[in-house]
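Sequences listed follow chains V and F, in order.
Mapping of the first sequence onto this note's numbering: position 154 corresponds to residue 154, and the numbering continues sequentially without gaps.
For this note's numbering, count along the second sequence from 1 and bump the result up by 1000.
Heads up, the beta-carbon is just placed ideally off N, CA and C, and yes, glycines get one too.
There are 2 protein chains.
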Amino acid sequence: MSKFAEVRQAAAATQTVAVQDEFWGRYIQLVQDTVIPYQYEALHDRVAEAEPSHAIANFEIAAGRRKGEFGGMVFQDSDVAKWLEAVGYSLSIKRDPELERQADEVIELVGEAQQEDGYLNTYFTIKEPGNRWTNLQDCHELYCAGHFIEAAVAYYEATGKDKLLNIMRRMVDHIDSVFGPEEGKLKGYDGHQEIELALVKLYRLTGEEKYLKLSSFFIDQRGQEPNFLRQEWEKRGRITHWTGTATSSVDVSYNQADIPVREQSVAVGHSVRAVYMYTAMADLARLTGDETLRTACVRLWDNITDKQMYITGGIGSTHLGEAFTFDYDLPNDTVYAETCASIGLIFFAKRMLELTPDARYADVMERALYNNVLGSMAQDGKHYFYVNPLEVWPQACSCNPGKHHVKSERQGWFGCACCPPNVARLLTSLNQYIYTVHGDTLYTNLYIGSELKTTLGGTEVALTQRSSFPWNGTVTLQVNPAGNGEFGIALRIPSWVETAEIRVNGEAVDVTGSLKQGYAVIRREWKAGDVIELTLPMEAYRVYAHPNLRADAQKTAIQRGPLVYCLEAADNSEPLSSISLSTDGEFTEVFDEELLGGAAVVRAAGSRVDEQNWNGGLYSRTKAAEQPVVVTAVPYYLWGNRGSGEMKVWIPERSSSK
Amino acid sequence: MSKFAEVRQAAAATQTVAVQDEFWGRYIQLVQDTVIPYQYEALHDRVAEAEPSHAIANFEIAAGRRKGEFGGMVFQDSDVAKWLEAVGYSLSIKRDPELERQADEVIELVGEAQQEDGYLNTYFTIKEPGNRWTNLQDCHELYCAGHFIEAAVAYYEATGKDKLLNIMRRMVDHIDSVFGPEEGKLKGYDGHQEIELALVKLYRLTGEEKYLKLSSFFIDQRGQEPNFLRQEWEKRGRITHWTGTATSSVDVSYNQADIPVREQSVAVGHSVRAVYMYTAMADLARLTGDETLRTACVRLWDNITDKQMYITGGIGSTHLGEAFTFDYDLPNDTVYAETCASIGLIFFAKRMLELTPDARYADVMERALYNNVLGSMAQDGKHYFYVNPLEVWPQACSCNPGKHHVKSERQGWFGCACCPPNVARLLTSLNQYIYTVHGDTLYTNLYIGSELKTTLGGTEVALTQRSSFPWNGTVTLQVNPAGNGEFGIALRIPSWVETAEIRVNGEAVDVTGSLKQGYAVIRREWKAGDVIELTLPMEAYRVYAHPNLRADAQKTAIQRGPLVYCLEAADNSEPLSSISLSTDGEFTEVFDEELLGGAAVVRAAGSRVDEQNWNGGLYSRTKAAEQPVVVTAVPYYLWGNRGSGEMKVWIPERSSSK
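1. Are there 16 or more other CB atoms within 10 angstroms of the CB of Trp1242 of chain F, so buried, or fewer, so exposed?
2. Output, in sequence order along the chain, the residues in the segment 1525 to 1553 of chain F whose CB is closer than 9 Å to any CB in chain V.
3. Measuring only the C-alpha atoms, how far is Arg230 of chain V from Cys139 of chain V?
4. Any beta-carbon of chain F closer than 8 Å to the one on Leu320 of chain V?
5. Cα-Cα, which of V:His192, V:Lys185, V:Leu202, V:Ile195 is closest to Leu165 of chain V?
6. Within the 8 Å Cβ cut-off, does Lys1623 of chain F reach chain V?
7. CB Gly1223 of chain F to CB Asp1258 of chain F, shorter than 8 Å?
8. If you measure from the beta carbon of Met1647 of chain F to each beta carbon in chain V, is any gap under 8 Å?
9. Within 10 Å of its beta-carbon, does Pro1389 of chain F have 16 or more other beta-carbons around it, so buried, or fewer, so exposed?
10. In three-state DSSP terms, what is Trp1024 of chain F?
11. Residues of chain V with CB under 7 Å from Gln1395 of chain F, in chain order?
12. Take the Cβ of Phe591 of chain V as the centre, count every other Cβ of all protein chains shown within 10 Å, and call the residue buried at 16 or more, exposed below.
13. Using the beta-carbon count (16 or more within 10 Å), is Ser249 of chain V buried or exposed?
14. Can you check whether the CB of Tyr1435 of chain F is closer than 8 Å to the CB of Thr1428 of chain F?
15. Taking contact to mean 3 or more Cβ pairs, one atom from each stretch, closer than 8 Å, check whether the segment 518 to 535 of chain V and the segment 276 to 289 of chain V are in contact.
16. With 7 Å as the C-beta to C-beta threshold (strictly closer), list the residues of the segment 1588 to 1614 of chain F near chain V in chain order.
17. Could you give the C-beta distance for Gly313 of chain V and Asn371 of chain V, rounded to a whole number, given that I count them as a contact under 8 Å?
18. Consult DSSP for Phe660 of chain V and reduce its assignment to one of helix, strand or coil.
19. Check for me: the beta strand (DSSP E) holding His192 of chain V runs from which residue to which?
20. At 7 Å on the CB atoms, spell out the chain V contacts of Ser1578 of chain F, in chain order.
21. Among residues of its own chain, excluding the 5 on either side of His1383 of chain F, which ones have a beta-carbon nearer than 8 Å to its beta-carbon?
22. If contact means a Cβ-Cβ distance below 8 Å, which residues of the segment 148 to 180 of chain V contact chain F?
23. Evaluate Gln627 of chain V with the Cβ neighbour count: other Cβ atoms within 10 Å of its Cβ, from every protein chain shown; 16 or more gives buried, anything less gives exposed.
24. Roughly how many angstroms separate the alpha carbons of Tyr211 of chain V and Ser450 of chain V, rounded to a whole number?
25. Smallest Cα separation from Glu1232 of chain F: which of F:Val1252, F:Leu1430, F:Tyr1328?
26. Do the segment 1543 to 1552 of chain F and the segment 574 to 581 of chain V meet, that is, are 3 or more Cβ pairs less than 8 Å apart?
27. Tell me which residues share the same chain as Lys648 of chain V and place their Cβ nearer than 8 Å to its Cβ, disregarding the 5 neighbours each side in the sequence.
28. Quick check: what's the CA-CA separation for Glu182 of chain V versus Val1406 of chain F?
29. Excluding sequence positions up to five away, which residues of its chain have a Cβ less than 8 Å from the Cβ of Gln1432 of chain F?
30. Determine the chain V residues that contact Met1377 of chain F at a beta-carbon separation under 7 Å, and present them in chain order.
31. Is the shortest distance between the beta-carbon of Met1001 of chain F and the beta-carbons of chain V less than 8 Å?
32. Out of V:Gly483, V:Ile448, V:Lys403, V:Gly191, point me to the one whose CA is closest to Ser317 of chain V's CA.
33. Here's the rule: buried if 16 or more other CB atoms are within 10 angstroms of the residue's CB, otherwise exposed. What is Asp1173 of chain F?
34. For His1174 of chain F, does the three-state DSSP call read helix, strand or coil?
35. Can the beta-carbon of Gly118 of chain V be found closer than 8 Å to that of Arg65 of chain V?
36. By how many angstroms is the C-alpha of Ile1502 of chain F removed from the C-alpha of Met1001 of chain F?
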């Protein structure tokens, strides 16, 4: 283990980031104080109001500590892994002996559940011991392994404890003996991508090539003919795990396995699977220098963000398959936009930033983070949206079966609890998303208050970022190199600003002149105490959608900085569909201290037609008179915290001269 | 049979109507020349491009003429019945010895398939002989019987042949021995209403009270506790016919059996089932004078037409259950609006007109007929829509699974072929929907050229209607009483006109003064050769939807007379969502002789934003410039006849002063 310790120390020396931010600090605190303990209880089936998770119980049964039946989904193990991963990140922010003790106990249990040959999966160990690796399409064995690898890396990096790491290295050795190009091994891959990106993390920690090779194998093999998932399906009598019965066909595009990954150019299928895969592809493209893989990543990124992404950073237009549909098909009310998919998009964005310093990746990361992801969690940390709609009519959610998947209020811990632990692990590892380094240049991707220690151009640098995001656009960076040194500091100029100001020690910088792929790059000899001041006008503005995006045609959305806004019934009378914004009305902004922890509220001139003005039946030749109205918009991420009511992001816009 | 012959002669003496109309004549001819022969071939599995129907084959197997397995849906028999019913109506328009021979052969076969005890249903006879009457919820035994009863009545009335009538009287006697309030009989009813309205027809033909009593029993029993459908479901081990497996719950509101019919006030569940039931309820309310039943009918009618009906007369907002959802939930693109449901609404409207002479029932009848129903059939009579959307993006129909049920082009004869034969039987019996008589007053409900013979106030009257609907609003009625006589003639003033002119023998009538429940009632001493001229301004106009109808908010639809218009890609460039209508633009109208048999086309000023004017990515702060454009609208019923493309009925409306 001394080798890892060295690697780890080297990594630590390269870069550490500690978030110190008023806005995000509160959410990270919420995860630490509430979400992680709550999830711990939930995993142990001790949350009275939630369906039992069975997750810990499954491990206890597999470990032989107790008798019982497997419970929960086939991938239930992954909830334990995601919790451990979040604990790892949390402990790296702040040591907590009691939490560490809980985690150590869970890891002890996981170790006991591991089989002699290294195999680890409670579903197959308890329920179908003879059927390991016979249904990769449905059964998530490698997916669960992947999450435990991520947890092992995070926990080791936080605590230096290697027990889980060793468990997972044994599991990976076992996997390596089952899958691979060699004669007699399975030429397969998981139905749900995850292990690919996890193996890269394991490689980055340990430096062991075999992990990178295995990850590449899974990526390269996917979509090759003869198709593994189809062959496997035929072999098991076309049985699907979900019903236990035979199916007439199998759609491997759902698993992004219809064509080889390097030939893919359109995001298809289950959206979480897709972005987890693209994340690994971008990792491998960077680590192996594989140009065809890189261009595939760029194509897929462009397809998503130019044609298949909601303004909130949500992806996945249908709940049927939780999937992408096709270009410009982004319905606001039958939407899926799963929380996990946006988290996966953030993973993908981070890898693209590591590959190429282009601010458009960070723009999307910021969009998904401040809107779809942040909005998924209630202010109490105990209620979540899986589906993040852009338009909600609560009665339709209950009375129109095509919208049953959309909820108007966040739900407690679910039967399939993928999203809440995913939010927890993202927020506790937010420090990893703020900066990237290319050469001797530091790129700031997110404006989140933080303390950075890194090395740039051979100089050790401490950098303190102070940010008043998302309410104000003033950011200061205090640069403290160990000695004077020349290196670059690149500040992302978000695509949502029209002008930006930068001063270094009070002196204006030519922003336009220094702009490169969306970053203002300041290269100079830095000395201790240098201060960069970035001013981004944080004002409300209108956004329009591409004319091909039919659902948003002739409508406008309101943004303020990175925040997308929405109308809610709590502030505007229903039906919200009666409201239109005036094209020429000014926006006014007030900071409402009382609104759910404080938030900037936007008011705009508009008009509405009411039932009271309507004289006809269902249809009439007479149009109802419209009345001027002040429209109130609140940040999207806060929606649904004030009871059930209508909500909408896209609002018709009309000339006020009626 | 002499008794029936008398009844029939009496009925014939009361009223005969022969359609002689340029517009509808063409469709009736199409049904006679093409649809009925095509359906005959389809029933015999001789249409190469269609899936085999199995319908006739099932009867041949049940009759012992050949060996084989039952094929098709559990209600496949009803396709034969609906065809026979349409043949009956067709023969009453024009005798056709060859068609009559075909029908007689089919009836012969049906008779051979009837069991000793009168039971008639090929599914149970062939496949589950021991399970008769054990799954009323799913298996449509009474539904199929109902359709054969309707066919028997129609065929007898057209030809005087009573073979099918006797077959069905035996079947009804058998049903009467199984169902009823008496000890030992089933207290049940069918999962799919239909026999209730059919038994009323049988009663009207024969005058036999027992048929009316049985119909009332089914209606009265529905929704009573203990719930028959639930009990039956429990009894058969909760098995559903559709999958052969147990279900965890049963939703009897789908069958309108959750509460007694007299307590129902909101249309729920499967929409065809619903309107078939309401039709029978209105029949029974009239024939029995049951006031609670009548008020229930009015409540349900009002709920549908004030809150749950598309502008095209379509009903059913979701394909999941082919069902109503809830008030004001009328999405245009995920719509169901099944053809059969609109036909059922027309049935219901006819019964409400027989109950009460109120033009609002005829207004809806006209709306459904000229739009949803007429639009369901292709100009070749061989292709049909089941689902009649108000907004279509063809790519979404194929690539978004939430819209797979919506088609952008009419399909051939389907696996579940309910709609095409329903259209055939409606169009061939259109003569039954034009007039109703209350007391000595004749009510004109539809302006369709026709020859009427009836008796009013004791005077035999012949009346010739000449109509240029739907293209022009001029209607003349030539009244020819056998001798001078006083009686009333009531002309419906459609809700879509703002003014109407009536002249009798050239002399103006005070329309407003004579208006009663939507009809201008003209009462006078009529003499042979009197001519009534009705002039309804047939011009294009805008229609707006109730503010609570969120899907149509801030949009307008174009109507011209009874016809709803739509935009199609064939006339306007895609995406149609880019188009808005100017609030103050005039409409221009031209009659395009070349357009699918000739149609009035409406042009309007509008504006559009194009991809070429768009400089951003998916989202942008900069709005694209709009350009003025001439918008072309065509009658909705013609949509989808010029290849696959976008279509929409509701168009955003904006002030032209940008």
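From the atom records:
1. As a first step, residue 1242 of chain F is located in the second sequence; it is residue number 242 there, counting from the start. With fewer than 16 other Cβ atoms within 10 Å, it is exposed.
2. Tyr1541, Arg1542, Val1543, Tyr1544, Ala1545, His1546, Pro1547, Asn1548, Leu1549, Arg1550, Ala1551, Asp1552, Ala1553
3. Locating residue 230 of chain V in the first sequence gives position 230, where the first residue counts as 1. Locating residue 139 of chain V in the first sequence gives position 139, where the first residue counts as 1. About 15 Å.
4. The sequence position of residue 320 of chain V within the first sequence is 320, counting from 1. Output row for Leu320 of chain V: interface = yes.
5. In the first sequence, residue 165 of chain V corresponds to position 165, counting from 1. Selected option, being the one with the closest Cα: V:Leu202.
6. In the second sequence, the residue the question calls residue 1623 of chain F occupies position 623. Judged by the 8 Å Cβ criterion, Lys1623 of chain F is in contact with chain V.
7. By one-based count along the second sequence, residue 1223 of chain F stands at place 223. By one-based count along the second sequence, residue 1258 of chain F stands at place 258. Taking 8 Å as the Cβ cut-off, Gly1223 of chain F and Asp1258 of chain F qualify as a contacting pair.
8. Start at 1 with the first residue of the second sequence, and residue 1647 of chain F comes out as number 647. So, not an interface residue.
9. Working through the second sequence from its first residue, we reach residue 1389 of chain F at position 389. Classification of Pro1389 of chain F: buried, given that the 10 Å Cβ count is 16 or more.
10. Within the second sequence, numbered from 1, the residue matching residue 1024 of chain F stands at position 24. In the structure shown, Trp1024 of chain F sits in a helix (DSSP, three-state: H, G or I).
11. Here residue 1395 of chain F refers to the residue found at position 395 of the second sequence. Phe326, listed in chain order.
12. Reading the first sequence from its first residue, position 591 is the one you call residue 591 of chain V. Per the 10 Å Cβ criterion, exposed.
13. Numbered from its first residue, the first sequence carries residue 249 of chain V at position 249. Classification for Ser249 of chain V: exposed.
14. Here residue 1428 of chain F is taken as the residue at index 428 of the second sequence, counted from 1. Here residue 1435 of chain F is taken as the residue at index 435 of the second sequence, counted from 1. Going by C-beta atoms, Thr1428 of chain F is not nearer than 8 Å to Tyr1435 of chain F.
15. no
16. Val1609, Asp1610, Glu1611, Trp1614
17. Taking the first residue of the first sequence as position 1, residue 313 of chain V is located at position 313. Taking the first residue of the first sequence as position 1, residue 371 of chain V is located at position 371. The Cβ separation is near 5 Å, so the contact holds.
18. Given that chain V is displayed from residue 1 to residue 658, the structure contains no residue 660 of chain V and the question cannot be resolved.
19. Position 192 of the first sequence, counted from the start, is the residue given in the question as residue 192 of chain V. It is not in any beta strand (DSSP E) - His192 of chain V carries neither H nor E in the DSSP assignment.
20. The residue labelled residue 1578 of chain F in the question sits at position 578 within the second sequence. Per Cβ cutoff of 7 Å: Pro547, Ala553.
21. Here residue 1383 of chain F corresponds to residue number 383 of the second sequence, with the count starting at 1. Result list for His1383 of chain F: Met1377, Glu1409, Arg1410, Gln1411, Gly1412, in chain order.
22. none
23. On the first sequence, position 627 is the one that residue 627 of chain V refers to. Counting Cβ neighbours within 10 Å, Gln627 of chain V comes out exposed, since fewer than 16 surround it.
24. Looking up residue 211 of chain V in the first sequence gives position 211. Looking up residue 450 of chain V in the first sequence gives position 450. So the alpha carbons of these two residues sit roughly 32 Å apart.
25. Within the second sequence, residue 1232 of chain F is the residue found at index 232, counting from 1. The residue with the shortest Cα to Cα distance from Glu1232 of chain F is F:Val1252.
26. yes
27. Position 648 of the first sequence, counted from the first residue, corresponds to residue 648 of chain V. Answer for Lys648 of chain V: Asn332, Leu390, Glu391, Val392, Cys566, Leu567, Leu576, Ser577, listed in chain order.
28. Locating residue 182 of chain V in the first sequence gives position 182, where the first residue counts as 1. Locating residue 1406 of chain F in the second sequence gives position 406, where the first residue counts as 1. Spanning the two alpha carbons is a distance of roughly 48 Å.
29. Along the second sequence, one-based indexing puts residue 1432 of chain F at 432. Excluding residues within five positions, the ones whose Cβ falls inside 8 Å are Val1017, Lys1350.
30. Mapped onto the second sequence, residue 1377 of chain F falls at position 377. Simply none; closest approach about 24 Å.
31. The residue you call residue 1001 of chain F lines up with position 1 of the second sequence. The predicted model places Met1001 of chain F with a pLDDT of 39, which falls under 50 and marks its position as unreliable, so this point remains unresolved.
32. Within the first sequence, residue 317 of chain V is the residue found at index 317, counting from 1. It is V:Lys403 whose Cα lies nearest to the Cα of Ser317 of chain V.
33. Position 173 of the second sequence holds residue 1173 of chain F. With fewer than 16 Cβ atoms within 10 Å of its Cβ, Asp1173 of chain F is classed as exposed.
34. Residue mapping note: residue 1174 of chain F aligns to position 174 of the second sequence, counting from 1. In this structure, His1174 of chain F counts as helix in the three-state DSSP scheme.
35. Taking the first sequence and counting its residues from 1, the one referred to as residue 118 of chain V is at position 118. Taking the first sequence and counting its residues from 1, the one referred to as residue 65 of chain V is at position 65. No. Outside cutoff.
36. If you number the second sequence from 1, residue 1001 of chain F lands on position 1. If you number the second sequence from 1, residue 1502 of chain F lands on position 502. In this prediction, Met1001 of chain F scores a pLDDT of 39, lower than 50, which makes its location untrustworthy; the coordinate-derived value is nonetheless stated afterwards. Rounded to whole angstroms, Met1001 of chain F to Ile1502 of chain F spans 46 Å at the Cα level.
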